[in-house]
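Take a look at the structure below.
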């Protein structure tokens, strides 16, 4: 189903196989060139560079294979009408947000469903847990307030599963408001008795609120556009936590929602696929939710996703799991390994820095052959991202992805050291503050580059190597800048607010306006 | 700027007049720059060749051009131009300037296919004041003629793509344009490749029309090709060029943007190539879809250059930036289109940076004697005029550089070439022979006191020639006038009344 609303343009990307193949070819050509046709510099730097390039090729092959042919050929029965339990998971969200979701859920057009608010406010020690119960009564829906903590959102869902009976379960986060035809356009896929779950896009309706929300959506547009559409072909669509419908039987077979991984949806999907269940991604926006509106919430959300996905690699590596097809293993590994890119970003950022301080390089070249291969490769890669997402992707999204290197490395260390990370519900309202401390590594990098350039100039003058490495460092800095700016306090709006309040103050003092005010009285 | 992204606005009459007035002002600026900074440049080798080739009867001119590597349209036009305006290098340059000023209007029209009025005017300004274009706008060669026809061809091609019309103009341009320069064929080839990959974008029946126009263009060129082959297919006059390197490839783009710079400056520019990754980032923007005309212009900006690069390896080296001039306008338009997609603040900041950088580079191009395309025969000739006497001899190596030298030289000394070239009796250029060099030199210097050797356009034996003299004679003076042009003075005879020489450098 194609939605023509320009807001949903990300679902109408073009999939040009020639460009995809060309992109892979360029990536391999670049790798072969730097590995075999350029003089190697320092062996450690060279090996680090090669590791990074191998990772890039892996990512490009993964993306190309995923988006190669986004067909969706699952059976669908419009008349399907079996019962469904609609779960709305709540853990302290504002009542008005929950109310909107409940109201929309009630308006869904489907003959056979019941609504249950899964209220985790009590175990999460939120003040408004009783208000949620009152809301449920007022709106005539069931409220299941969990009393025994454990398992975070997964535990909440499992608790809900134990107290309901419908063969199908629909899950919405508190802020994800379903459209009236949500169930009509998803339930029909369960005509296939082996359909395990149906996932729909997680669209952010508040993306225009500020830069953070917009960028969070821009990143999602690539995932919920070409990537998830592409996973249909290999039956490797995975759950994303909300806006989904699950088969209770499939969930039970998988042991319920996974409570021991912070990205419970991802891992549960893997368990369901292991049991040979099907999944499908419906490329139609059928519910709209809220993006994180402040930098801290965004950061925490990214950390959680990174942590959960990396745990899958190190503790439940799909390569060694029985029951998954090779295509599914590939897809799960490709998705989870994306969060290893932080290490590669760090390597790429450090290479020019090492040169500036020591004069040591990874490779040596006196020609422009490297540029001749690399530039078409990078332009084509970026063009493909644009084309497949129907020009929904942005530089800011790239910037945030690249700049997340620190949190990804942090999460990797946490996984390797088996440190506990708690599940924190993404805040539905903006937290004000200065979050520059989250961009300290990036600012340190900039300072190091500036000092490094000065040192390098004093060491070797303005050499070609200095220019080239400085240029690379500048590219990294340009990539970090939007991230740093997003972390910084919103000075502009504060100035605006100050000006507005100052103008208001002056207008009260003005005699003309006072007289007008008197007249009005 | 208002209407940054609106290219569908149709201007009312007063707006059209304003636009025309602006373009005329731009032409005025171009003419002023030309008069103040460019026309005074010394004649260059290729210019001397153009003037010499076109100064004969029409039949003889065609014969000479057919023995060279060019098509005849420029020479025919120059022939008649010089009949009216004279044979000075300035007069010859004014014809190139004419085609450049006409190109300014065509560039505006081409830009309007993808940009709004204001952005098109910005683009036209950048093009008109480009250091690279300005250099060739003031050179008595066919490159602005090539640019003029290429721009017309690109304009009509884009009109066909956008509005399904313009076939007549495209056909006429193709048929006539093949006579402007062989590289015009690369423009047509790039259009053919673009069409084959994007047939769905073109109106129905386009394939047949393009094939018909291609056949007509080739047929129109056939008489010349036949005549060219009959005259020897330029066997003796092909320029000696080396196979291009990847540095040469990027130098083309660097020269398009920043003009002609010294090796040191060029090295810095090319080393900073990773900055282009930032340009790549700039292309990742919401709703910034590459529509068909912009896609074509990008294609027109890169593919001919790529084709020429590849063919320079596979067939014969001919990769020089002036041949790629048709790519300048499309590349500039694509760059400005990218800027126009950004906010006013970002776009204007980038434009200011662009103009400041290019302006500075323009200044460097004009002020440095080491500009790699500058050939200062005038200054060298002036020096020799002032210092050489009738007892001295002037020798030019490579031999064909005798033309620009003779144009500027009005002294008393005899002029010869090394190797010796009897232009009256021999046809093509003489080959260099190490074994006969000694004999030639002895004959050359006999009865003379000093030899003034002006070495330029090295054909691979310049170093041997100079070394020969250095090992046998006293070098009394040397000066590098421009890159690849050095004057060496050797004492070869002993006159009882010594001539006072200036300080040795």
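Chains as they are written, first to last, in the working numbering: chain G, 1 to 521; chain H, 522 to 1026.
Built from N, CA and C at the ideal position, the CB exists for glycine as well.
As the structure is a prediction and not an experimental result, all values here were calculated from the model.
Endpoints, the beta strand (DSSP E) within which residue i is located
i, result
"residue 384 of chain G", "Residue 384 of chain G -> not in any beta strand (DSSP E); alpha helix (DSSP H) instead, spanning 369-388."
"residue 288 of chain G", "287-289"
"residue 695 of chain H", "Note, residue 695 of chain H: premise wrong, no beta strand (DSSP E); alpha helix (DSSP H) at 688-698."
"residue 116 of chain G", "113-119"
"residue 144 of chain G", "142-145"
"residue 995 of chain H", "995-1003"
"residue 878 of chain H", "Careful: residue 878 of chain H lies outside any beta strand (DSSP E), inside the alpha helix (DSSP H) at 865-888."
Simplified DSSP assignment, three categories, for residue i
i, result
"residue 1010 of chain H", "strand"
"residue 918 of chain H", "strand"
"residue 108 of chain G", "coil"
"residue 208 of chain G", "coil"
"residue 26 of chain G", "helix"
"residue 195 of chain G", "strand"
"residue 321 of chain G", "coil"
"residue 281 of chain G", "strand"
"residue 168 of chain G", "strand"
"residue 85 of chain G", "strand"
"residue 39 of chain G", "strand"
"residue 149 of chain G", "coil"
"residue 750 of chain H", "helix"
"residue 553 of chain H", "helix"
"residue 467 of chain G", "helix"
"residue 413 of chain G", "helix"
"residue 610 of chain H", "helix"
"residue 347 of chain G", "helix"
"residue 293 of chain G", "coil"
Burial state of residue i (16 or more Cβ within 10 Å)
i, result
"residue 993 of chain H", "exposed"
"residue 6 of chain G", "exposed"
"residue 322 of chain G", "exposed"
"residue 112 of chain G", "exposed"
"residue 843 of chain H", "buried"
"residue 271 of chain G", "buried"
"residue 535 of chain H", "exposed"
"residue 922 of chain H", "buried"
Beta-carbon proximity of residue i to residue j, cut-off 8 angstroms
i, j, result
"residue 128 of chain G", "residue 155 of chain G", "no"
"residue 11 of chain G", "residue 230 of chain G", "no"
"residue 372 of chain G", "residue 767 of chain H", "yes"
"residue 257 of chain G", "residue 142 of chain G", "no"
"residue 886 of chain H", "residue 980 of chain H", "no"
"residue 1010 of chain H", "residue 982 of chain H", "no"
N-terminal and C-terminal residue of the alpha helix (DSSP H) that residue i is part of
i, result
"residue 443 of chain G", "440-460"
"residue 244 of chain G", "No alpha helix (DSSP H) contains residue 244 of chain G, which is instead part of the beta strand (DSSP E) from 244-247."
"residue 977 of chain H", "Premise fails: residue 977 of chain H lies in the beta strand (DSSP E), 971-977, not in any alpha helix (DSSP H)."
"residue 911 of chain H", "Looking at the DSSP string, residue 911 of chain H is not in any alpha helix (DSSP H), and its letter there is neither H nor E."
"residue 48 of chain G", "43-67"
"residue 935 of chain H", "Per DSSP, residue 935 of chain H belongs to no alpha helix (DSSP H); it is in the beta strand (DSSP E), 935-938."
"residue 576 of chain H", "It is not in any alpha helix (DSSP H) - residue 576 of chain H carries neither H nor E in the DSSP assignment."
"residue 823 of chain H", "813-835"
"residue 273 of chain G", "264-274"
"residue 138 of chain G", "129-139"
"residue 671 of chain H", "664-684"
"residue 646 of chain H", "638-649"
beta-carbon residue i near the ligand COA non-hydrogen atom, thresh 7 angstroms
i, result
"residue 81 of chain G", "You won't find the ligand COA in this model; it holds no ligand whatsoever."
**Study point:** Near-chain G residues of the stretch 879-904 of chain H - C-beta to any C-beta below 8 angstroms
**Key:** none
Exercise for review: Quick one: which residues of the stretch 800-811 of chain H get their C-beta closer than 9 angstroms to a C-beta of chain G? List them in chain order.
Suggested key: 800, 801, 802, 803, 804, 805, 806, 807, 808, 809, 810 and 811
Practice item. Give, in chain order, every residue of the stretch 183-194 of chain G whose Cβ lies closer than 9 angstroms to some Cβ of chain H. Key: none
Exercise for review: May I ask you to list, following chain order, the residues of the stretch 785-801 of chain H that have a beta carbon less than 8 angstroms from some beta carbon of chain G?
Suggested key: 788, 789, 791, 792, 793, 794, 795, 796, 797, 798, 799 and 801
Exercise for review: With 8 angstroms as the C-beta to C-beta threshold (strictly closer), list the residues of the stretch 377-388 of chain G near chain H in chain order.
Suggested key: For the stretch 377-388 of chain G, which is checked against every Cβ of chain H, the residues closer than 8 angstroms are 378, 379, 382, 383, 385 and 386.
Review point. Got a sec: which bits of the stretch 219-244 of chain G sit with their beta carbon under 7 angstroms from any beta carbon on chain H, in order along the chain?
Key: Of all residues in the stretch 219-244 of chain G, none has a Cβ within less than 7 angstroms of some Cβ in chain H.
Exercise for review: Pull out every residue of the stretch 360-379 of chain G whose Cβ sits closer than 8 angstroms to any Cβ of chain H, in chain order.
Suggested key: 367, 368, 369, 371, 372, 375, 378 and 379
Practice item. Name, going along the chain, the residues of the stretch 389-400 of chain G whose beta-carbon falls closer than 7 angstroms to a beta-carbon of chain H. Key: 391, 392, 393, 394, 395 and 398
Practice item. Give the residues from the stretch 993-1010 of chain H that approach chain G closer than 9 angstroms (Cβ to any Cβ), ordered along the chain. Key: none
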